[in-house]
Structure formats: C-alpha cells, structure tokens
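Enquirer: First residue of the sequence shown? That's 1 in full-length UniProt numbering, and the numbers climb one at a time after it.
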Amino acid sequence: MRFLKITPVLLMFVLVFASCNSVRVATDYDREVNFDQYQSFAFFKPGIDKAEISDLDKKRILRAIESEMMSNGFTKSENPDLLVSIFTKTKENINIYNNNFGYGYGWGWHPWYWGAGPNTINSTTDGTLYIDLIDAEDKELVWQGMGTAALAKKVDKKQERINEIVREIMEKYPPQTERR
Numbered sequence: 001m002r003f004l005k006i007t008p009v010l011l012m013f014v015l016v017f018a019s020c021n022s023v024r025v026a027t028d029y030d031r032e033v034n035f036d037q038y039q040s041f042a043f044f045k046p047g048i049d050k051a052e053i054s055d056l057d058k059k060r061i062l063r064a065i066e067s068e069m070m071s072n073g074f075t076k077s078e079n080p081d082l083l084v085s086i087f088t089k090t091k092e093n094i095n096i097y098n099n100n101f102g103y104g105y106g107w108g109w110h111p112w113y114w115g116a117g118p119n120t121i122n123s124t125t126d127g128t129l130y131i132d133l134i135d136a137e138d139k140e141l142v143w144q145g146m147g148t149a150a151l152a153k154k155v156d157k158k159q160e161r162i163n164e165i166v167r168e169i170m171e172k173y174p175p176q177t178e179r180r
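Laid out in structure tokens, this is it:
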C-alpha cells in the first residue's frame, strides 16, 4: 500500500524535474542568404529596449549572446555585418495534481470513498526568448531562433539558466542549408 502512495509522488517529481531542464528550440531563416558572409555583430538597441523584462535580465541575456557569438567566431564591431535583437514572452503555468487515494474498490470513482486525497500545486514560469539576427546593411531579418524553457526562480541560478537557453538556441546557427 505504501508503494501506491509513493509512486505518484515520484512520478510527479520526475516529470517536473525533466520538464524544467529541457529547452524547446525552433529556428527560421531566409533561404536566399549566404550566412558565410557574416563575421561581425553588434546589438540592436531599439529592439532590445522594447523587450519587456528587467534591465538585469537583459544584461544577463546580452552577456550570454555575446559569449556565444564570440565562441562561434564573430567579433563585436562598431560597423557590424549582423545586428542582434531580442524579444521575450513569459507564461505562468499552474499544475494541480489531484491524488484521490482512499477507501473503496478499484481505481477511479467509487461510492464508498470519503474525503479527498492530498492535492499538489506546482507553479512554473515558462519564458520564451527570441534572438533575431538582422542584416546590418539591408536592415532585414535573416535568422530567428526561439527557445522556450522553465525559468529559474533563484537569482543565483538565473545566469546559468539563461546561458543554457541561449546556448541551445545558438547551436542552430548557422542553419544547415542544402547546397543546390
């Protein structure tokens, strides 16, 4: 009987832990662009200023993007080939796990069940980060990466989580285009 009480709790813990660590990434790009031509970047301040997050989180995101761009061979420049902009969205998720264990027969509803089992309420915030790469000369979007993940609530874990999200997004750049 103890096994039946512990199993759902362990299963819920595994599901919550697994969902917190994954970053869902999607990208889109202009298929007519030769991405080999881009060697330098700068941040696009008008776009970044529109992001509705705290200035501290903006700094964390920009540091992570700068680090990834430089590790991919780009240089930061006053006269860049690419402009980097960001956009963010957040969504609050509230999960209620109803654990109706009690007396009676079988699983599910039964007529001799008295009272409700314990409910577990879990709240997470999913954040979506869009990284836009804009051709500096034409001022046209050439690549966009999007990553969605559960956000860290503790301040000391925020930079680590943001680094992970940005790294997962930037792994998709440059796009693997088919040569014709």
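Note that the Cβ used here is the ideal one computed from N, Cα and C, for glycine as well. Only a predicted model underlies this, so the values are computations on that prediction, with no experimental measurement involved.
Could you tell me how far apart the beta carbons of residue 147 and residue 169 are, in whole angstroms, since I believe they sit closer than 8 Å?
Expert: 4 Å
Enquirer: How many angstroms separate the CA atom of residue 176 from the CA atom of residue 145?
Expert: 14 Å
Enquirer: Using the three-state DSSP reduction, which class does residue 163 fall into: helix, strand or coil?
Expert: Residue 163 falls in the helix class under three-state DSSP.
Enquirer: Provide the residue span of the alpha helix (DSSP H) that contains residue 184, from first to last.
Expert: Residue 184 is absent from the structure shown; the chain starts at 1 and stops at 180.
Enquirer: Helix, strand or coil for residue 28? Go by DSSP, reduced to three states.
Expert: strand
Enquirer: Among 70, 158, 22 and 128, which one has its Cα closest to the Cα of residue 92?
Expert: Per the C-alpha coordinates, the member of 70, 158, 22 and 128 positioned closest to residue 92 is 128.
Enquirer: Rounding to the nearest angstrom, what Cα-Cα distance links residue 134 and residue 26 in this structure?
Expert: 17 Å
Enquirer: Express the C-alpha separation of residue 126 and residue 69 in angstroms, rounding to a whole number.
Expert: 24 Å
Enquirer: Assign residue 60 to one of two classes, buried (16 or more other C-beta atoms within 10 Å of its C-beta) or exposed (fewer than that).
Expert: buried
Enquirer: Can you tell which of 124, 131, 67 and 84 has its C-alpha closest to the C-alpha of residue 139?
Expert: 84
Enquirer: Could you please give me the residues that DSSP links to residue 47 through a beta bridge?
Expert: Answer is none; residue 47 lacks a bridge partner.
Enquirer: Can you tell me which of the three DSSP states residue 142 falls into?
Expert: strand
Enquirer: With DSSP run on the structure shown, which of helix, strand or coil describes residue 171?
Expert: coil
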